[in-house]
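What follows is one structure encoded as structure tokens, with my remarks underneath.
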Amino acid sequence: MKPVELKKDVWWVANRSNSLLEVNVYLRSYVHEKGRVNVMLDPGPPELIMHLQKVVEPIIGSLKNVHGMLINHQDPDVVLNAAFIQKMNPNCIVVASEDTWRLIRFVGLKDSHFKAVESYKGQRVKMPGNKRLVFVPTPFCHFRGAMMYYDVSSRILFSGDLFGGLSYGQHLYADESSWEGIKTFHQLYMPSREALQLAVSRIRNLDPLPEMIAPQHGSIIRGDLVKDFMDRMYNLEVGLDLLKKSQEEENYLGAINEILSELEQDPAFSNLEDILSKGSDDSSFTTVIGIQKGRVTDFKTDPHSAMKSVLGMLYKGSGAAGESMVSLVALKALIGRSIPVGDLLPQSEEEQDLPDYFE
Ligand SMILES: [Fe+2]
Ligand SMILES: [Fe+2]
Numbered sequence: 015m016k017p018v019e020l021k022k023d024v025w026w027v028a029n030r031s032n033s034l035l036e037v038n039v040y041l042r043s044y045v046h047e048k049g050r051v052n053v054m055l056d057p058g059p060p061e062l063i064m065h066l067q068k069v070v071e072p073i074i075g076s077l078k079n080v081h082g083m084l085i086n087h088q089d090p091d092v093v094l095n096a097a098f099i100q101k102m103n104p105n106c107i108v109v110a111s112e113d114t115w116r117l118i119r120f121v122g123l124k125d126s127h128f129k130a131v132e133s134y135k136g137q138r139v140k141m142p143g144n145k146r147l148v149f150v151p152t153p154f155c156h157f158r159g160a161m162m163y164y165d166v167s168s169r170i171l172f173s174g175d176l177f178g179g180l181s182y183g184q185h186l187y188a189d190e191s192s193w194e195g196i197k198t199f200h201q202l203y204m205p206s207r208e209a210l211q212l213a214v215s216r217i218r219n220l221d222p223l224p225e226m227i228a229p230q231h232g233s234i235i236r237g238d239l240v241k242d243f244m245d246r247m248y249n250l251e252v253g254l255d256l257l258k259k260s261q262e263e264e265n266y267l268g269a270i271n272e273i274l275s276e277l278e279q280d281p282a283f284s285n286l287e288d289i290l291s292k293g294s295d296d297s298s299f300t301t302v303i304g305i306q307k308g309r310v311t312d313f314k315t316d317p318h319s320a321m322k323s324v325l326g327m328l329y330k331g332s333g334a335a336g337e338s339m340v341s342l343v344a345l346k347a348l349i350g351r352s353i354p355v356g357d358l359l360p361q362s363e364e365e366q367d368l369p370d371y372f373e
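What follows is the structure in structure tokens.
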């Protein structure tokens, strides 16, 4: 496989392995009067090292001529080759955030050749040939010290895992169909939408805006998709957001079944299964929950509405005498599980008038 020149003096130098998680490695060459300075971005895992040595040959001769490495974060798929490359060129400098360095130094990198992003004024550095490189921290995307690198002259943003995607296809450049893999990758690896929103805001503030986003996995994003995927990313629920949602649903499911099992102990509710299966006159009832053997197994609507429907059913089915029993049992389950009672229980008529005892 050959290097692909993305823009002048910027190459994609990885290969494709037909795996779901393809790794990208990039090389940026800064040409100046006295020669060139070659910088590798996220040099990748050891299985790529032989390939890298071959693929860079027509561009820079050898990995010995890599003068610097920019590291996004500490994961093994990002950083392990940095140790080999620094052995080949002992003068090779590693640039990363301090948080990342604290971990990646353990792969055998030299303290003396580390430059912290934080040590540069204004989060930028002038590279040979009068080219600007801007550091863009993306806290918790997915590591707290993750750092994107923006090569201003090529307008390529090297974004690390952010905007990376699982590869359902093998395209080097993203198209509309790439979003699915990007979405899944972020849902798995990114912690929260808040972290994504902060990162996307920082990209939107870059001047000039990037023309290309070059992530460490999957396809390279360019053209209209840069803005389009950023907008989608801004609203994507991931990690903890999704976990919280599923927990919320489980909590409501648990509460409903707790209410049902407590009520069925009472002889007044011997027809509980009938109440549930009949679904009374409310034909929407059967569509909002799934029931098996007298237990609610899933919601087909949001948990709050489903709970409201079930309680409404129980009220209707139990008659006046059973209503207070349903209220009491439901209150116990809801409060016990910290579910806001809100409008879940019907207000009784008498509550509308204030008592006059304290007037
Ligand atoms: Fe990672
Ligand atoms: Fe990665």
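If you read the sequence shown in our numbering, its first letter stands for residue 15, the second for the next number, and so on. Cβ coordinates follow ideal geometry from the N, Cα and C atoms, glycine included. Since the structure is predicted, the reported quantities are computational estimates derived from the model, not experimental observations.
Where residue i falls, given that 16 or more other Cβ within 10 Å makes a residue buried
| i | result |
| --- | --- |
| residue 349 | exposed |
| residue 182 | exposed |
| residue 60 | exposed |
| residue 223 | exposed |
| residue 200 | buried |
| residue 100 | buried |
| residue 325 | buried |
| residue 89 | buried |
| residue 355 | exposed |
| residue 120 | exposed |
| residue 295 | Residue placement at residue 295 is poorly supported in this model, since its pLDDT is 47, which falls under 50; the coordinates are not used for a value here. |
| residue 72 | exposed |
| residue 204 | buried |
| residue 372 | exposed |
Coil, strand or helix - residue i by DSSP
| i | result |
| --- | --- |
| residue 235 | strand |
| residue 295 | For residue 295, the predicted structure reports a pLDDT of 47, less than 50, and the residue's modelled location is therefore unreliable. A value from the coordinates is still provided. Residue 295: coil per DSSP, three-state reduction. |
| residue 352 | coil |
| residue 143 | coil |
| residue 367 | coil |
| residue 129 | strand |
| residue 317 | helix |
| residue 60 | helix |
| residue 180 | coil |
| residue 339 | helix |
| residue 187 | strand |
Residue range of the unbroken alpha helix (DSSP H) whose run includes residue i
| i | result |
| --- | --- |
| residue 306 | No alpha helix (DSSP H) contains residue 306, which is instead part of the beta strand (DSSP E) from 303–306. |
| residue 202 | 193–203 |
| residue 97 | 90–102 |
Between the CA atoms of residue j and residue i - distance to the nearest angstrom
| i | j | result |
| --- | --- | --- |
| residue 16 | residue 154 | 34 Å |
| residue 114 | residue 190 | 33 Å |
| residue 51 | residue 195 | 34 Å |
| residue 334 | residue 261 | 34 Å |
| residue 277 | residue 265 | 18 Å |
| residue 46 | residue 164 | 19 Å |
| residue 357 | residue 321 | 10 Å |
| residue 25 | residue 69 | 10 Å |
| residue 28 | residue 310 | 51 Å |
| residue 38 | residue 237 | 19 Å |
| residue 233 | residue 144 | 29 Å |
| residue 106 | residue 131 | 16 Å |
| residue 94 | residue 134 | 25 Å |
Residue range of the beta strand (DSSP E) that includes residue i
| i | result |
| --- | --- |
| residue 271 | Not the beta strand (DSSP E): residue 271 falls in the alpha helix (DSSP H), residues 253–277. |
| residue 311 | 309–313 |
| residue 229 | 226–229 |
| residue 45 | 40–46 |
| residue 380 | Given a span of 15 to 373 for the chain in the structure shown, any question on residue 380 remains unanswerable. |
| residue 110 | 107–110 |
| residue 53 | 49–55 |
Measuring from each Cβ to the nearest heavy atom of ligand 1, keep the ones under 7 Å and list them in chain order. 87, 89, 91, 92, 156, 157, 175 and 203
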